[in-house]
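Okay, structure first, notes after.
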Amino acid sequence: MIGIDTNVLIRLLTKDNEAQYQVAHALFKANRIFITDTVFLEAEWVLRFSYNYDIELINDALTGVLGLPNVITADSASLYTALQCHRQGMDFADALHSINAQGDTFYTFDQRFSKKAKSTGLLSTVVLLK
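In structure tokens, the structure reads:
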């Protein structure tokens, strides 16, 4: 099993550099790939801000990678849930943070996040601090 950096995943998903895409594709074809949550987190940000991908395209791309039989993550269920929340309009980072929190209740000062978390119904209790 090998681990990959965000830039390898981005090359695979965007094909913006043909030579690097071919290397990334070959890695994915020949290996079991471990992808950390932080690589998914960074990839979402890069696709959104550097490539101007919309939520649907980001979710389709990252969900597709998660579904590959040779891709391993620490907790695929949490990533899938975070992507569901993201598809419903929640910030991906906020969703992932709250899902991975070590408690039933997640506290925040972010009013927008609190509203979105409650509307998805997929997260533990989110408490808005004032």
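Per this note's numbering, residue 26 is the first one in the sequence shown, and the count goes up by one each step.
The beta-carbon is built from N, C-alpha and C at its ideal position, and this holds for glycine as well.
The residues V152, L154, in chain order, have a CB closer than 7 angstroms to that of Y132 in the same chain once the five nearest residues on each side in sequence are set aside. Y132 has V152 as its beta-bridge partners, per DSSP. Put simply, of R112, G114, F138 the residue whose alpha carbon is nearest the alpha carbon of S123 is F138.
For I58, DSSP records a beta bridge to I27, V96. Taking the C-beta atoms as reference points, L66 is found no nearer than 8 angstroms to I83. Going by DSSP, S101 is part of the alpha helix (DSSP H) stretching over 101 to 112. In the three-state reduction of the DSSP assignment, A118 falls in the helix class.
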